[in-house]
Each structure stands twice: as structure tokens, then as C-alpha cells.
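All the letters of the sequence shown, read from the start, carry residue numbers 11 to 577 under this note's numbering.
Here is the structure we will look at, set down as C-alpha cells.
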Amino acid sequence: MTVIGWIQILLYCAVIVALAKPLGWYMTRVFNGERTLLSPVLRPVEAAIYWIGGVDERREQHWLTYTVAMLLFHVGGFLIIYGVMRLQAVLPFNPAGQSAVAEDLSFNTAISFLTNTNWQNYGGESTISYLVQMLGLTHQNFLSAATGIVLAIALIRGFSRASARTVGNFWVDITRCTLYVLLPLCIIYTLFLVWQGIPQTLGPYVEATTLEGAKQTIALGPVASQVAIKMLGTNGGGFFNANAAHPFENPTALSNFIQMLSIFALGAALTNVFGRMVGNQRQGWALLAVMGVLFIAGVAITYWAEANGTTTLNALGLTGGNMEGKEVRFGVVASSLFAVITTAASCGAVNAMHDSFTALGGMIPLINMQLGEIIVGGVGAGLYGMLLFVVLAIFVAGLMVGRTPEYVGKKIEAREVKMAMLAILVLPLMYLGWTAVAVVLPPAVASMANAGPHGFTEVLYAYTSATANNGSAFAGLTGNTFFYNLTLASSMFVGRFFMIIPAMAIAGSLAQKKSIPPSAGTFPTTGGLFVGLVVGVILIIGGLTFFPALALGPIVEHLAMAAGTVF
């Protein structure tokens, strides 16, 4: 660990905090239907979309109608992705002549991209055509990210409204999010990435001759546009198999820093949106502080573990940290920081191979995901996941002082607590349940590249990543099998929608309640006591439901490495 390394980490945190307020101000205006700088250009386009779709933008929806509209919207997304993958061989923009994708892999990939997971059981440059990358995957990257954001906005409206039966209009919200937020930012972002050296072309792959005289095929394609939304929308699916470690996806230290910023930018800004919409920006800063405490702790542990390496590496004279699986152009600190960021958010893009991290360094990404990726989290998903824990924390606070729990003027009652617990507990049910099956089923065990605790962690990481809608992997596991394609798809589906539906039920319940003015007995929710309470509740719930299974693989492996044993 070095001073320069910590300066990079602190600089990153400072920029994220600085971006939260202006982005939060802009998004608040967008979702409130107020005029923005882009309105003169985009308002006619927005109105045309409503006219074509038969949408009355003044008519809002009950939470149940809002949720059903979202689910039907995803049915359409699934059919588009699955269809273009199965028909890939006969569709245009396929210069490499990619064949149709197998049924089970197409099913897995369709579920993966519409749930904002972007788990990839394939190598993009050897499996997917340009058309499928654009029409199927990049297209869904925009819409799945927009869905997460608008669901968070609907939950915020539940807290901010009083005696209301509606939480907004799904079709209006997702149109505005895509038009006014994601598209403009991604256009600028794509141009920056092209400047940094990322390809953006429909031309064929290039044949090159190496210095040794061998022939090499260099894959190209419309890469920059996909990388922009994969990072900004916390999608994470790489155009190339090596993802953000590939020089055509992440060529420079500057592109790496900007990509890390873009992963957190919108998620952090949504905390400010929350504060603005409930009428007290300090509420948003308190939520961001909770996220920040957990984030800094995770970065410190991962950076320490990777910077110190292992006993075996040090005995071989390989000092200076664990560089296995890392790009030299990024080094230990940028790789460690990226790993924590991408798993704290539901991004899943990687600039280093997590399977090659030290045992404790690889444990922190697991913790981030098994907590539900609430440390900033996926765009929108991180905020509504954090608010579920806030509901539980406020409930605990109410029990301790003998008062009905209140948060931003709303009573937290049995219905909200039950829905929050349902959403949180469904996550360990999926990844622990499927891991238990996979480590005893012979075809599943055959996919493990390593035996012992590390092999167990590969399987646990896969189901954790899928359920948390992250998409990163301990790449030693061969996931493109019938068993893993189907079971990982089920984890992704449940992890996304079985968390969304209870969150929306909470939104509808809160919106109907009257707003209660604060009194002398109201628990303050903007100070250090509240931040500490929420952090404590998160860690306690994590300790009871997540960490026992989590610790088994990485901690045993760490102890074995310390003793000089290599799995």
C-alpha cells in the first residue's frame, strides 16, 4: 500500500461526491417533468413517442399497474434478445459469419441482459455478431438500466407523496430516463472512448501478421457505444471476452478512471434525488454516507490484501503485491479499486481477473454482492435496495425507543417490514440453494477448474453474481453448460424481479399514507447515529444470512495460503 495508491482512491471518492449534487439536480427535474437544457430538442421526440405508443403522459398508475407494465415490457425485451441470437446466422452485420447461438445459451443471455446482470457464458468476439451486439445487447443495456432508475424513482415517490394512490407512469418515466439521461451522457461518453482508442466500426475483423510471421485475427466492431452504456448503466457485459481488461475496451489509465467514475455516477446521484424529492437533501447525504463507510472499508481490505500478496508469491521473490491476473497498465491499486466498485454496483465489468485475487481480496467482492449491492449499487437498484435496509433499521430504532417507526414523515409498519424482509431473504435462498446443488451434482462439479475451497468459491461466486444481477465471475468455472445456463438464469430472474415487486409494494403502501410532521420524539435520520445504525443493521443481517456461507471458501483458502498450501 502506498501514498500514491490512497491518493487515487480518495480522488475517486471526491469526484463521485462532487458529481452527486449536479446530476441529482438534473435528474430530479427530468422525473418531475420540469424543463431542462435539452427540452427544446428532446421534448418533440418525447411527445412523438407518447403519440405512437398511445400513452397519456398526464395519467399516472397505481403501483400494481406500474409493476405489471414493467414486467410486460421485459417480456418484449426477452423475445427480442432471444430471437436475434437464434436467427443470428441469417441476419446482416455479421462479418465474422457467426452461427446461431444455442437454445440454452440464448435463453441464459436473454435473461441476463434484461435483468441488468450481463452474465456472459460466451466470448463476445467469437460468438456474437455486430447486429446482436447492437440490437439485442446494447439496446437492452439502455432499457434495463432505465428500468432500475425509474423503479427507484417510484419508490422515492412513495416516500415523498401523501395520501396518493399513484407512483408515476412507467412508460413516461422510462422514456424520460432514456431520452434525457442515458442517451445524452452516452453520446458524449462514446466520443471520449473513441478518442482514447476504443474502436467504433462496422468493418470486418482485421488480419494481421505478427513479428514472428504468424497470422492473427484482430476483432473489431461497434465497441465504444456498448462500453459507454455498459459502464454508465452498470450493465457490465463486455464486447470482448476479457471485458475491461481488453485494450480495445479500456486502453489507458484515463479511460479506466473515467469508467470507474461512470459506474458510480448515477447511482450516487440518485441519493441526492431522494433528498430533493422528500424535501431534505441531508437525507440523501446520509444514505450516501452509509454507502461510503461500507465502500471505504471494502477498498481498504482488498487493496491491503492485493498489495501484500501471498506467502507463496513472496517466497518466490515476487514482491510488490499480487499481480497475477492484473494488467500492468493498471497495477494493484486501480485493479483493486475497480473490483470493489464493480461489485458494489451491479456492474460486473472487470479490468482484472477476480479468480486470481488473493483469498481475502476476492472475498470483498463476494460481500458486496451478497449484501444485495447496496453500496451505491446498480443504477436505481442500489438505492431501492438500500432503502429496504433503511426500513428495517428504522423499525429496529422504533423497537428500541418504544415508538412507531417513522422515516421522512411516513410510519413504517408491519406491511413495509414484511415486504423488505421478503426482498432481502430471497437472495440467499437462491445463491445458497443452487450452490448446495452444484457442489454435489457430478456434471456441475465437472465445470470447476479448482478443487477445495477455491473451487467452492468459484461456484458460490457464480450464483451470488447471478442473483445479485452483477455478472462478474471467478472465471475458473465453465458456465456454458445446460445445467449452469438454466440455473444461473433462474437466479438472475429471481434476484431481479422478486426484489422489485416487494419494493414496489412498499412504494404503493407508503404513497397512500399521510405525512407526519417531525416531533420531539422523532428519531433523527440525517446524522452520524442514523448512519451507524443503518451500517450496523446491514452487517448484522449480513452476518446472520450471508457471511457464514461466504466465509467458508475464502477464509479457509486464506489460512491455507498463509500456511504455504496452494489449492
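Glycine is no exception: its CB is placed at the ideal position from the N, C-alpha and C atoms.
Treat the numbers as computed from the prediction; the structure is a model and nothing was measured.
Leaving out five residues before and five after M301 in sequence, what residues of the same chain have Cβ atoms less than 6 angstroms from its Cβ? Counting from one through the sequence shown, the residue named residue 301 turns up at place 291. The residues are I385, V386.
Taking E67 as the reference, give the member of N179, I273, P534, I422 with the closest Cα. Here the question's residue 67 lines up with position 57 in the sequence shown. Cα-wise, what sits closest to E67 is N179.
Residues in its own chain within less than 8 angstroms of N290 by CB, not counting five upstream and five downstream? Within the sequence shown, the letter at position 280 stands for residue 290. Excluding sequence neighbours, N290 sits near V418, T536.
What residues in its chain sit with their C-beta under 8 angstroms from that of S345, if we drop five residues either side in the sequence? Mapped onto the sequence shown, residue 345 falls at position 335. Answer for S345: E316, K336, E337, N361, A362, listed in chain order.
Inter-residue Cα distance where the pair is N651 and F88: Residue 651 lies beyond the range of the chain shown here (11 to 577); nothing can be said about it.
Beta carbon of M80 nearer than 8 angstroms to that of T157: For the purposes of this step, residue 80 is identified with residue 70 of the sequence shown, where counting begins at 1. For the purposes of this step, residue 157 is identified with residue 147 of the sequence shown, where counting begins at 1. Against a cut-off of 8 angstroms, the Cβ pair of T157 and M80 comes out as a contact.
Within the continuous alpha helix (DSSP H) that includes E337, where are the two ends? Residue numbering aside, residue 337 sits at position 327 when the sequence shown is read from its first letter. E337 -> no alpha helix (DSSP H), and no H or E assigned at all.
State the Cα-Cα distance for the pair T532 and V283, rounded to the nearest angstrom. Here residue 532 is taken as the residue at index 522 of the sequence shown, counted from 1. Here residue 283 is taken as the residue at index 273 of the sequence shown, counted from 1. Using only the alpha carbons, I get a separation of about 23 angstroms.
When the Cα of T321 is compared with those of M502, A174, L432, A369, which residue comes out closest? Start at 1 with the first residue of the sequence shown, and residue 321 comes out as number 311. Ranked by Cα distance from T321, the first of M502, A174, L432, A369 is A369.
Among all the DSSP beta bridges, which residues are the ones paired with M429? Residue 429 sits at position 419 when you count from the first residue of the sequence shown. In DSSP, M429 forms no bridge with anything.
Whole runs of the alpha helix (DSSP H) within the stretch 378-417, excluding any shorter than 4 residues: 391-411
According to DSSP, what are the bridge partners of E217? Position 207 of the sequence shown holds residue 217. As DSSP reads the structure, E217 sits in a beta bridge with T227.
Using a threshold of 8 angstroms, state whether the C-beta atoms of R175 and Q522 are closer than that. As a working note, residue 175 is residue 165 in the sequence shown. As a working note, residue 522 is residue 512 in the sequence shown. Contact flag set, yes.
Output the distance between the C-alpha atoms of F202 and G358, rounded to the nearest integer angstrom. Locating residue 202 in the sequence shown gives position 192, counting from the first residue. Locating residue 358 in the sequence shown gives position 348, counting from the first residue. Answer to the nearest angstrom: the Cα atoms are 22 angstroms apart.
Ignore the nearest five residues each way along the sequence and tell me which others in E217's own chain have a CB closer than 7 angstroms to its CB. Reading the sequence shown from its first residue, position 207 is the one you call residue 217. Around E217: K225, T227.
Mapping the DSSP letters down to three states, classify P261 as helix, strand or coil. The residue labelled residue 261 in the question sits at position 251 within the sequence shown. Looking at P261 - three-state DSSP - the assignment turns out to be coil, as it is neither helix nor strand.
To the nearest angstrom, how far is the alpha carbon of W205 from that of T185? As a working mapping, residue 205 is identified with position 195 in the sequence shown. As a working mapping, residue 185 is identified with position 175 in the sequence shown. Cα-Cα distance, rounded: 29 angstroms.
Since L33 and L221 are thought to touch, with beta carbons under 8 angstroms apart, how far apart are those beta carbons, to the nearest angstrom? Within the sequence shown, residue 33 is the residue found at index 23, counting from 1. Within the sequence shown, residue 221 is the residue found at index 211, counting from 1. Not confirmed; about 46 angstroms, so no contact.
Three-state class that DSSP yields for M80 in the structure shown: Your numbering for residue 80 matches position 70 in the sequence shown. Three-state DSSP puts M80 in a helix.
Host alpha helix (DSSP H) of P209 (start-end): The residue labelled residue 209 in the question sits at position 199 within the sequence shown. Run containing P209: none; DSSP gives neither H nor E here.
Go through its chain and collect everything with a Cβ distance to M379's Cβ below 7 angstroms, but skip five positions before and after it. Locating residue 379 in the sequence shown gives position 369, where the first residue counts as 1. So the list reads T353, T474, S475, A478, N480, once near-sequence residues are dropped.
Cβ distance (whole Å) where F250 is taken to contact G146 below 8 angstroms: Locating residue 250 in the sequence shown gives position 240, counting from the first residue. Locating residue 146 in the sequence shown gives position 136, counting from the first residue. The beta carbons of F250 and G146 sit about 16 angstroms from each other, so the pair does not count as a contact at 8 angstroms.
Contact under 8 angstroms by Cβ, M514 with A164: Residue mapping note: residue 514 aligns to position 504 of the sequence shown, counting from 1. Residue mapping note: residue 164 aligns to position 154 of the sequence shown, counting from 1. Their beta carbons are under 8 angstroms apart, which means M514 touches A164 by this criterion.
Look at the alpha carbon of F152 and the alpha carbon of E70, and state the distance between them as a whole number of angstroms. What you label residue 152 is simply residue 142 of the sequence shown in a count that begins at 1. What you label residue 70 is simply residue 60 of the sequence shown in a count that begins at 1. Whole-angstrom Cα-Cα distance: 23 angstroms.
Please state the DSSP three-state secondary structure of M241. Counted from its first residue, the sequence shown places residue 241 at position 231. Three-state DSSP puts M241 in a helix.
Identify whether L487 lies in helix, strand or coil by the three-state DSSP scheme. Start at 1 with the first residue of the sequence shown, and residue 487 comes out as number 477. If DSSP states are grouped into helix, strand and coil, L487 belongs with the strands.
What's the gap between the Cα of C196 and the Cα of F340? As a working note, residue 196 is residue 186 in the sequence shown. As a working note, residue 340 is residue 330 in the sequence shown. Going by the C-alpha atoms only, they are around 24 angstroms apart.
Give every residue of the same chain whose Cβ lies closer than 8 angstroms to the Cβ of V13, excluding the five residues on either side of it in the sequence, and list them in chain order. Here residue 13 is taken as the residue at index 3 of the sequence shown, counted from 1. For V13, where only same-chain residues beyond five positions count, there are no Cβ hits under 8 angstroms.
Does the distance from the CB of A112 to the CB of I91 come in under 8 angstroms? As a working note, residue 112 is residue 102 in the sequence shown. As a working note, residue 91 is residue 81 in the sequence shown. Cβ atoms of A112 and I91: not closer than 8 angstroms.
Pairwise C-alpha distance: F507 and G168: Your numbering for residue 168 matches position 158 in the sequence shown. Your numbering for residue 507 matches position 497 in the sequence shown. Computed Cα separation, rounded: 19 angstroms.
Just to confirm, is the Cβ distance from L244 to A172 under 8 angstroms? Counted from its first residue, the sequence shown places residue 244 at position 234. Counted from its first residue, the sequence shown places residue 172 at position 162. The sequence shown places Thr at residue 244, not Leu. Cβ atoms of T244 and A172: not closer than 8 angstroms.
Option nearest A162 by Cα separation, candidates M509, I548, V544, K524: Start at 1 with the first residue of the sequence shown, and residue 162 comes out as number 152. Nearest of M509, I548, V544, K524 to A162, Cα basis: M509.
Residue environment, A28, which counts as buried when at least 16 other CB atoms sit within 10 Å: Here residue 28 corresponds to residue number 18 of the sequence shown, with the count starting at 1. The residue in question, A28, is exposed, as its Cβ has fewer than 16 Cβ neighbours within 10 Å.
Provide the residue span of the alpha helix (DSSP H) that contains S482, from first to last. Sequence index remark: in the sequence shown, residue 482 carries index 472 (1-based). From DSSP, S482 is part of no alpha helix (DSSP H); its letter is neither H nor E.
Can you list, in chain order, the residues of its chain whose CB lies under 7 angstroms from that of T312, leaving out five sequence neighbours each side? Working through the sequence shown from its first residue, we reach residue 312 at position 302. Once the five neighbours on either side are set aside, the close Cβ partners of T312 are S346, A349, V350, G371, I374.
Give the straight-line distance between the Cα atoms of T491 and A461, rounded to the nearest whole angstrom. Residue numbering aside, residue 491 sits at position 481 when the sequence shown is read from its first letter. Residue numbering aside, residue 461 sits at position 451 when the sequence shown is read from its first letter. Cα atoms of T491 and A461: separation of roughly 19 angstroms, rounded to the nearest angstrom.
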